[in-house]
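Student: This is the structure I want to talk about, given as structure tokens.
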Amino acid sequence: MRPTTADVVICGAGIAGIATAYYLAVRYGITNIVLIDERPPLSLTSDKSTECYRNWWPGPDAAMVRLMNRSIDLLEELIVESNQRFRLEQRGYVYATANTEQISELCHAAEQAAEYGAGSVRLHQGLSHSSSYDPTARHLTGADVVLDSSLIRTHFPYLSDQTVALVHARRCGWFSAQQLGMHLLERARECGVRLINGRVTGVEVHDNAIHSVQTNNNEMSCITTNTFVNAAGPLLREVGHMICVDLPVFCERHLKLSFNDYLGVVPRDAPMLIWNDPLVLRWSEDEHHVLAESEESRGLLELLPPGVHTRPEGGSGSSTMLMLWAYDPTPIPPILPLQIDPYFPDVVLRGMVSMIPGLQAYVDHPPKPYIDGGYYIKTRENRPLVGSLPVEGAYVVGALSGFGIMAACGTGELVASSIVDMPMPEYAAAFNVSRYAEPAYQAKSAEWDTVGQL
Ligand SMILES: Cc1cc2nc3c(=O)[nH]c(=O)nc-3n(C[C@H](O)[C@H](O)[C@H](O)COP(=O)(O)OP(=O)(O)OC[C@H]3O[C@@H](n4cnc5c(N)ncnc54)[C@H](O)[C@@H]3O)c2cc1C
């Protein structure tokens, strides 16, 4: 065994660790990097996502919108660099409601996002014949707020006829996370980054500074380095403990349903569709009885949170739909492999029926579902942890919740800039773990009511 030294060791080859390696190597020319993972790259959480992106985020300040705008700018640069390898589709997110009381909230959210830099609001109200609203237009920013029911019906005939308003946020869509990740990884490796299979088992700290990293890889069991990046996804907290830093994160299980929309209920050119109303699901008397019997399922009879959503997946010829709903966001330990909730396909499909009644056909005759998912690692305000830690030479890029794919480039660039001591954008402070040391931040964040989770 030869002694190894590295300028930077990154623990975790999910999208966060890979993007960090890319910005360090390709942008800043730091090439003596070891990227270590005990699994194949991108295989724990980063290949389980819905692969969506958006610059539509709530406050209470502009930090999330700015981070996402930057991340999307970087994605757009990478489209050119990679020759559109990851097939970005800017179709927008449509948030719809059947509740007239929600209208002012949706309008307020659109105005606030505009104030934070998401782009301006276009209101379409009572002007159905002369409206300039075009749901298929690409490359728009901001949001179209549609309050005219006939306009909604014209463009979205498959939505519930109870729909009274929608917001179509435009700098949003989806792309192939796997292809983005592989592009970043290949470019980083071309610059010299070494991808090593193994588990980080310990980190040695001398005088409150990183000294070396221990692994279970026989060829590289001790790597001398003074820079260590914790990009361990669901194991962020566990790896933090190796340097005696307790990161303020918790995990939620999130599942995703894929199924064959063989009846063509949702048009293939649809945007991301999100129902913004809480729901009580309809169950038959027998089903009600069965669900009420067990503590695990009783909650499904109650009011479930807003946010059930769906989008078409795959190119021409595909009829796959993805569906998600975080109806049970209870924090749980990140037990692997992930346990699948047997009720999930039925619940998410019934939830979607409120928005798209044509899907009822599948409740009666469900197509074979495919379910996967992973853990969202979150801080309580649903903002990431990016930047330096209280141990000299230690950094974190994580707590990427349900936005790690869209934020990967922005957060990878941010932590890389912090490592090489480059000037940081003004929003960087909002994501550094040191924010929790400020009493004013603690007080402000305790009052946040919307965290923008889907
Ligand atoms: C169902 C679902 C839907 C989602 N939808 C979206 C979406 O539409 N848009 C979006 O932007 N995001 C979405 N996300 C979130 C996104 O997938 C995650 O935020 C992102 O993948 C996190 O990336 P990561 O690199 O931090 O973690 P991971 O991908 O989990 O990578 C962490 C890596 O660290 C490694 N590791 C941990 N500990 C060690 C150790 N001690 N030694 C060696 N290796 C270690 C693990 O093996 C793993 O490979 C979704 C997530 C889920 C679950």
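Quick note: the sequence shown uses this note's numbering, first residue -10, plus one each step.
We put the beta carbon where it would ideally sit given N, CA and C, even for glycine.
Please return the same chain residues whose Cβ sits closer than 6 Å to the Cβ of V156, not counting the five positions on each side in sequence.
Tutor: The residues are Y84, L95, A99, A132, V134.
Student: Give the single residue among K357, A350, V342, A5 whose Cα lies nearest to the Cα of L252.
Tutor: The candidate whose alpha carbon is nearest that of L252 is A350.
Student: If distances are taken between C-alpha atoms only, which option among I366, W46, I61, E427 comes closest to A221?
Tutor: Comparing Cα-Cα distances from A221 to each of I366, W46, I61, E427, the minimum goes to I366.
Student: What does a CB cutoff of less than 6 Å around E302 pick up in its chain, not counting 5 residues either side in sequence?
Tutor: For E302, where only same-chain residues beyond five positions count, the Cβ hits under 6 Å are T309, L311.
Student: Rounded C-beta distance between W386 and V202? I'm assuming under 8 Å.
Tutor: According to the sequence as given, residue 386 is Val; it is not Trp. Incorrect: roughly 16 Å between the Cβ atoms, too far for contact.
Student: Are the C-beta atoms of P294 and some chain C residue less than 8 Å apart?
Tutor: In the structure shown, chain C cannot be found, because there is only a single protein chain.
Student: Helix, strand or coil: how does DSSP classify S407 here?
Tutor: Correct three-state label for S407: helix.
Student: Pick out whichever of D317, I141, R369, H144 has its Cα sitting closest to the Cα of V422.
Tutor: Minimum Cα distance to V422 is reached at R369.
Student: Should S55 go down as buried or exposed, given a rule of 16 or more other Cβ atoms within 10 Å for buried?
Tutor: It is Arg, not Ser, that sits at residue 55 in the sequence shown. With 16 or more other Cβ atoms within 10 Å, it is buried.
Student: How is E370 classed by DSSP in three states: helix, strand or coil?
Tutor: Note: E370 maps to coil in three-state DSSP.
Student: Give the DSSP-derived three-state secondary structure of H354 in the structure shown.
Tutor: Coil, per DSSP.
Student: Measuring straight from C-alpha to C-alpha, what distance separates A5 and N72?
Tutor: Between A5 and N72, the C-alpha separation is close to 22 Å.
Student: May I ask whether a heavy atom of ligand 2 can be found less than 7 Å away from the beta carbon of S247?
Tutor: This structure lacks ligand 2; the ligands present are ligand 1.
Student: Quick one: does the C-beta of I263 sit closer than 7 Å to a heavy atom of ligand 1?
Tutor: Checking the Cβ of I263 against ligand 1 gives no.
Student: I need the straight-line Cα distance from Q151 to H230, nearest angstrom please.
Tutor: Cα-Cα distance, rounded: 51 Å.
Student: Please go through the same chain and pick out, in chain order, the residues whose beta-carbon is closer than 8 Å to the beta-carbon of R211, but skip the five residues on each side of it.
Tutor: For the sequence presented, residue 211 should be read as Cys rather than Arg. Closer than 8 Å at the Cβ level, and outside the excluded window around C211, lie P(-8), T(-7), S201, V202, Q203, T204.
Student: Here's a check: name, in chain order, each residue in its chain whose Cβ is nearer than 7 Å to the Cβ of G106, leaving out the five neighbours to either side.
Tutor: Answer for G106: A51, V54, R55, N58, listed in chain order.
Student: Short check: CB of A158 to CB of T86, under 8 Å?
Tutor: No, these two residues do not count as a Cβ contact at 8 Å.
Student: Which class does L64 belong to by DSSP, given the choice of helix, strand or coil?
Tutor: In this structure, L64 counts as helix in the three-state DSSP scheme.
Student: Which residue's Cα is closest to the Cα of W272: L292, P326, L262?
Tutor: It is L292 whose Cα lies nearest to the Cα of W272.
Student: Is the beta carbon of E193 sitting closer than 8 Å to the one on P320?
Tutor: Contact: no.
Student: Return the chain-ordered list of same chain residues with a C-beta closer than 8 Å to the C-beta of L313, the five sequence neighbours on each side being excluded.
Tutor: Answer for L313: T39, H243, L244, K245, L246, V297, H298, T299, V337, L443, listed in chain order.
Student: According to DSSP, simplified to helix, strand and coil, what is D361?
Tutor: D361: strand per DSSP, three-state reduction.
Student: What is the residue span of the alpha helix (DSSP H) that S35 lies within?
Tutor: Segment: none, S35 is in no alpha helix (DSSP H) and carries neither H nor E.
Student: Please list, in chain order, all residues of the same chain as A10 whose beta carbon is under 7 Å from its beta carbon, the five residues on each side excluded.
Tutor: For A10, where only same-chain residues beyond five positions count, the Cβ hits under 7 Å are I(-1), I22, L24, A177, V182.
Student: Counting beta carbon pairs with one atom in the region 158 to 168 and one in the region 136 to 145, are three or more of them shorter than 8 Å?
Tutor: As far as the Cβ criterion goes, the region 136 to 145 does not touch the region 158 to 168, which means the pair count is below three.
Student: Would you call the region 370 to 383 in contact with the region 397 to 405, where contact means no fewer than 3 C-beta pairs closer than 8 Å?
Tutor: Counting Cβ pairs under 8 Å, three or more are found: they touch.
Student: Give me the Cα-Cα distance between V380 and D196, rounded to the nearest whole angstrom.
Tutor: Approximately 9 Å between the Cα atoms of the pair.
Student: At a cut-off of 7 Å, would you count M395 as near ligand 1, judging by its Cβ distance to the nearest heavy atom?
Tutor: For ligand 1, at least one heavy atom lies less than 7 Å from the Cβ of M395.
Student: Please name the residue in Y316, E208, I7 whose C-alpha comes closest to that of N265.
Tutor: Measuring from the Cα of N265, the nearest candidate turns out to be Y316.
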